[in-house]
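Undergrad: Counted the way my numbering counts, the sequence shown spans residues 19 to 756.
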Amino acid sequence: MDEVLAAFLAECRENLEKLDNELVLLERDPQGPHIAEALGKIFRTVHTIKGSCGWLGLNRLESVVHDGEDLLVCLREEKVAITTAIVTTLLEMFDAIREILAHISTTGSDESSKDYSSLVQALKALQSPVSLAAHQPAEPKTISAEPISAAPTVQRQQTAAESIRIDVKLLDKLMNLVGELVLTRNQMLQFTNTQEDAAFTITTQRLNLITSELQEGVMKTRMQMIGLIWNAYPRLVRDLALECGKQVSLEMDGKETELDRTMIDAIKDPLTHIVRNAIDHGLERPEERIAKGKPPMGRLTLRAYHEGGHVNISIQDDGAGIDPEKLRERALQKGLIQASDAAQMSDRALLNLIFLPGFSTAEKVTNISGRGVGMDVVKNNIEAVGGMVELISEKGKGSTFKIKIPLTLAIIPALMVISQNERFAIPQMNLLELVCLEGDDAVRSIEMIYNSPVYRLREKLLPLVYLNQVFEQGLSFADLLTHLKQQGEDARLNIVVLQADDQNFGLIVDQIHDTAEIVVKPLSKQLKNLSVYAGATILGDGKVALIIDVMGLAQRVNVISEAQRNNLQAELENRQDQDNELHNLLLFQAIGQRKMVIPLAYVARLEEFNSNKIEYAGDLSVVQYRKQILPLIHLAEVLPDSNRFSAQTEPDLEELLQVIVCVDQGRMAGIVVEKILDIVDSDDETEIQHSLKREGVIGSVILQGSVIDVLDFRGIIGRHIPSFFEDLPASQDLIAVR
Numbered sequence: 019m020d021e022v023l024a025a026f027l028a029e030c031r032e033n034l035e036k037l038d039n040e041l042v043l044l045e046r047d048p049q050g051p052h053i054a055e056a057l058g059k060i061f062r063t064v065h066t067i068k069g070s071c072g073w074l075g076l077n078r079l080e081s082v083v084h085d086g087e088d089l090l091v092c093l094r095e096e097k098v099a100i101t102t103a104i105v106t107t108l109l110e111m112f113d114a115i116r117e118i119l120a121h122i123s124t125t126g127s128d129e130s131s132k133d134y135s136s137l138v139q140a141l142k143a144l145q146s147p148v149s150l151a152a153h154q155p156a157e158p159k160t161i162s163a164e165p166i167s168a169a170p171t172v173q174r175q176q177t178a179a180e181s182i183r184i185d186v187k188l189l190d191k192l193m194n195l196v197g198e199l200v201l202t203r204n205q206m207l208q209f210t211n212t213q214e215d216a217a218f219t220i221t222t223q224r225l226n227l228i229t230s231e232l233q234e235g236v237m238k239t240r241m242q243m244i245g246l247i248w249n250a251y252p253r254l255v256r257d258l259a260l261e262c263g264k265q266v267s268l269e270m271d272g273k274e275t276e277l278d279r280t281m282i283d284a285i286k287d288p289l290t291h292i293v294r295n296a297i298d299h300g301l302e303r304p305e306e307r308i309a310k311g312k313p314p315m316g317r318l319t320l321r322a323y324h325e326g327g328h329v330n331i332s333i334q335d336d337g338a339g340i341d342p343e344k345l346r347e348r349a350l351q352k353g354l355i356q357a358s359d360a361a362q363m364s365d366r367a368l369l370n371l372i373f374l375p376g377f378s379t380a381e382k383v384t385n386i387s388g389r390g391v392g393m394d395v396v397k398n399n400i401e402a403v404g405g406m407v408e409l410i411s412e413k414g415k416g417s418t419f420k421i422k423i424p425l426t427l428a429i430i431p432a433l434m435v436i437s438q439n440e441r442f443a444i445p446q447m448n449l450l451e452l453v454c455l456e457g458d459d460a461v462r463s464i465e466m467i468y469n470s471p472v473y474r475l476r477e478k479l480l481p482l483v484y485l486n487q488v489f490e491q492g493l494s495f496a497d498l499l500t501h502l503k504q505q506g507e508d509a510r511l512n513i514v515v516l517q518a519d520d521q522n523f524g525l526i527v528d529q530i531h532d533t534a535e536i537v538v539k540p541l542s543k544q545l546k547n548l549s550v551y552a553g554a555t556i557l558g559d560g561k562v563a564l565i566i567d568v569m570g571l572a573q574r575v576n577v578i579s580e581a582q583r584n585n586l587q588a589e590l591e592n593r594q595d596q597d598n599e600l601h602n603l604l605l606f607q608a609i610g611q612r613k614m615v616i617p618l619a620y621v622a623r624l625e626e627f628n629s630n631k632i633e634y635a636g637d638l639s640v641v642q643y644r645k646q647i648l649p650l651i652h653l654a655e656v657l658p659d660s661n662r663f664s665a666q667t668e669p670d671l672e673e674l675l676q677v678i679v680c681v682d683q684g685r686m687a688g689i690v691v692e693k694i695l696d697i698v699d700s701d702d703e704t705e706i707q708h709s710l711k712r713e714g715v716i717g718s719v720i721l722q723g724s725v726i727d728v729l730d731f732r733g734i735i736g737r738h739i740p741s742f743f744e745d746l747p748a749s750q751d752l753i754a755v756r
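1) What is the rounded straight-line gap between the Cα of S162 and the Cα of L268?
2) Counting along the chain, where does the beta strand (DSSP E) carrying R441 start and finish?
3) Would you mind sorting Q544 into buried or exposed? The rule is 16 or more other CB atoms within 10 Å of its CB.
4) Using a 10 Å radius around the Cβ and a threshold of 16 neighbouring Cβ atoms, would you call G717 buried or exposed?
5) What whole-angstrom Cβ distance do I689 and I678 have, given they're in contact under 8 Å?
6) Comparing alpha-carbon positions, which option in S146, E80 and I100 lies nearest I118?
7) Going by DSSP, what residue range makes up the alpha helix (DSSP H) through P288?
8) Check this for me: beta carbons of L57 and R116, under 7 Å apart or not?
9) Locate the beta strand (DSSP E) running through E626, then write down its first and last residues.
10) For the alpha helix (DSSP H) containing K191, name the first residue and the last one.
11) When DSSP labels each residue in this structure, what does L137 get in the three-state scheme?
12) Start and end of the beta strand (DSSP E) containing A432?
13) Measuring alpha carbon to alpha carbon, tell me which residue in Y484, E490, G404 and I423 is nearest A552.
14) Please classify W73: is it buried, with 16 or more other beta-carbons within 10 angstroms of its beta-carbon, or exposed?
15) Give me the Cα-Cα distance between A581 and L374, rounded to the nearest whole angstrom.
16) Exposed or buried, T221, counting other C-beta atoms within 10 Å across all chains shown (16 or more means buried)?
17) Quick check on DSSP: helix, strand or coil for I726?
18) Go ahead and pull the three-state DSSP assignment for T426.
19) Taking the straight line between their C-alpha atoms, what separation do you get for Q521 and V537?
20) Assign S749 to one of two classes, buried (16 or more other C-beta atoms within 10 Å of its C-beta) or exposed (fewer than that).
21) Kindly indicate which residue of I464, E29 and P252 has the alpha-carbon position closest to the one of E477.
22) Please classify K397: does DSSP put it in a helix, a strand, or coil?
23) How about E692 and I609: do their beta carbons lie closer than 7 Å?
24) Just to confirm, is the Cβ distance from E305 to A338 under 7 Å?
25) Could you have a look at K478 and say whether DSSP puts it in helix, strand or coil?
26) Which value, in whole angstroms, describes the spacing of the CA atoms of D278 and D190?
27) Under 6 Å Cβ to Cβ from L729, same chain only, skipping five residues before and after it: list those, please.
28) Should I340 and A349 be called a contact, given that it needs their Cβ atoms to be closer than 7 Å?
29) Where do the ends of the alpha helix (DSSP H) carrying N39 lie?
30) Should G197 go down as buried or exposed, given a rule of 16 or more other Cβ atoms within 10 Å for buried?
31) Within 10 angstroms of the Cβ of R462, are there 16 or more other Cβ atoms? Answer buried if so, exposed if not.
32) Leaving out the 5 sequence neighbours to the left and right, which residues in its chain are closer than 7 Å to N226 when beta-carbon positions are compared?
33) Is it a yes or a no for the region 137–146 touching the region 280–290, going by three-plus beta-carbon pairs under 8 Å?
34) Provide the residue span of the beta strand (DSSP E) that contains Q49, from first to last.
35) Go to V538, then tell me how far its alpha helix (DSSP H) extends in each direction, as first and last residue.
36) Distance, Cα to Cα, M243 vs R224?
Here is the structure:
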C-alpha cells in the first residue's frame, strides 16, 4: 500500500476515537462553556478527512463525510441544537467511515457494495430545524464522563514534531535483540563471579548498567497507555445505555497507566466484555434504582494503577450485585455442580461459578449477553498472559472485577528454585512469600485433610504441593515426611507460597535461589500442551530452565478445579469457620459413655420425644414437630464404631428420646443422643485436629482434660438424608426455619 495512503488511514483511525468521546461529552452537556471549542475540533477533523479524500481520489468516502460536515456547520452556527438523534447519526457516520477505511486498507479502494444512502439522507434531514422535533429524545442525558480539555495549538504542533510512527515489527525486533543482550549480560555476570580481574569486573558492571538502561528504554517504546482502550468506552457505554433504557455515569481514573502493547491487545476484549456485562446485568433501570433508594443514574468506575511491577485494573458498578444463592440454584439446574458440593460452597466460591463455561445469570438472551459465552473466555484470556481476575459482589450494592496483570511478557522477574537437581523459574507476580521450616517444625507443622497435606500459616490453612511429586520424580510426599523425620534437627522444608486465582497454596521445593530477570522464550511444539509450563528461559550458565505456570500447576494438582466443582477454597473456609465456632459447644453423650460435641451454631432447639411418637417415612425415622415432619438420625445406628460404646438393651416404648434439633441451609433435622450434658465455652486456643477425621467425625478437640470427637453433622445428614441439601419442591421440603 502507498505510504501516503497508509499514513492517512492511521491518522483517521486515531482521530475518530477522539471524536467519539467529544460527541458523547457534547451530548451530556450541550450548553457547556466548551461547546464551541469541541464543535470546532470535531469540524476541523472531519474537514481534514474530507480534504484528504479529494486529493487521494476517495470519492465515496468524501460523499459520506461531506453531509456530516454540513451538519456540523449547522451546529456551530446554532441553526440546530445538539440532540441524541444528531449525536447518534454522527456516530453512525463515524462507524461508516471506519468501515470504508477498513475496506480501503484491504483493497486499496473505497468502492464497495454497501449502500450508505440512508445515512446520507439522515444527515441531510437533521440539518433542517423543522425536522428537529421528530428526532427529539425523551431522555437526552444518559452518560457522563470526565472532561477532556483541548491542548493548545502550539503544544499540539510541538508534540507532533517530537513524535514519529514506528513499525511494530521493528519494535518487536529491538525487544528480541535486547532480550538476547540480557541473556549475554547474565552470562557475563556469572562468569565475573569466578574471576579476580578488577578491570574485567568494572567493565562487566558497566555493561550491566548500560544493558539495564537500554532494556528499560526499549520497553518504554513498547509501552502504551491503557487509555487507548478506555477511549472507546464513553461511546460504548452511551450506546448500550440507550439500548438497555438505562442511565449510566462513566468515571475513568488512571488512563495514563502504561503497559506493554502486547498486554494492551490481550486485555482489550476481556475488559470490553466486563463493561458490557456491567451495563446489561449489573446496573438497574432508573425506576428500579429509585425504588431501591438509589439515584436514577448508575455509576460505572474504571481504575488502573501500577503496583509492584504489575498493573491493577478494577471495574466497579453500583448496581444490583450478585445473589450467591441464585448462582447456587442456577448451577444446580445446569448440572455444573453436585448438590453435595453446592451445600458446602462459600459465597466467594459461588461467585467464581460465573467463570464456568456456559454459565450465565441473565434471565433472557439478548444481543448483548445471556448466552453463557464470555466470562470463561475473559478469565482464560487474562490467565493466558499471566494475569488473575477476581470478582467481589454484594447483593444490592454492586460488583467489582479486580484484574492483575504483568507489565510485559518479554522480560519478567522470577524466583529460581531447584527440584530434583533441575532449575525452575517461578514468576514473581504469583509469589507471596517464602517459608522455611527447620527441625521438628518441618514435620510437626504439616497436617492432613482428606489425605492432602496442609500447613497452617497465620491460622489459615495452606494446601501444599510437592513439586517432585507433580513431575512424578523422586520421593513421594509420604517419603519426604519420613526423610525429614530421619534428619531430625537438620531437617529443612522449603515452601514457596503462591497465589493462583483467589487461592493460595504452598509449593515445596528442594532449594530456593535468588530472584533474577529472565527472558521468556516460547516452548517447542512438544512441550506447548503441558499446562504446568509457561515458557522457558536461558540462564547465565547457558542452561535452560522451564518457567512454572502457577495457574496451570494449581489446576494440574486440583488445588483449583478447572470447573470449580470441588473448590478447595470453600472447603478450607468451611474448616476455618468450624474452628471459629468452637467457642460455644454443646456437649452430649452420643452412645453409652461416649461424649461428643457439636458447634452451638448448628443447634436450633433441645427437645424430648416419647419413643412411641416415632413414625417412619420409608426407612427414615420421623416425628411430627410443630405441625411438620422432622427427620431423625439415631447416632447409635449411624456411627460406625457405636457397638464399642453401647450396651444392647430392649427398646422401651415409653422411653423419652433426647433430641438435638439442628439447622443448616434453612432446614432442620433431629439428632437422637443418649443424654444432653452441657454447653461448654472453650478457650481461644481450642482448635479441631482434622487429622483425626473419620466417618461421622470432623476431628477431635481437647476439652476439660479429655479428647472429645466433634460430630460431623453435615456429613451424617448428607449420607442418610441425601435430599437434605437439594432444592426440593415446596411439597417435599423438610422443616424450614420459622
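Just so you know, even glycine gets a beta-carbon here, dropped at the ideal spot from N, CA and C.
TA: Taking the coordinates as given:
1) Residue placement at S162 cannot be trusted, given a pLDDT of 45 that sits under 50; the coordinates are not used to answer.
2) E440 to P445
3) exposed
4) buried
5) 4 Å
6) E80
7) R279 to N295
8) no
9) V621 to N628
10) V186 to T210
11) helix
12) I429 to S437
13) G404
14) exposed
15) With a pLDDT of 36 at A581, under the threshold of 50, the modelled position of this residue cannot be trusted, and the question is left open.
16) exposed
17) strand
18) coil
19) 27 Å
20) Its pLDDT being 32, under 50, S749 is placed unreliably in this model, and the value from its coordinates should be taken loosely. Under this definition S749 is an exposed residue.
21) I464
22) helix
23) yes
24) no
25) strand
26) 11 Å
27) M614 and I616
28) no
29) E21 to R46
30) buried
31) exposed
32) R203 and L207
33) no
34) From DSSP, Q49 is part of no beta strand (DSSP E); its letter is neither H nor E.
35) Premise fails: V538 is in no alpha helix (DSSP H) and is neither H nor E.
36) 32 Å
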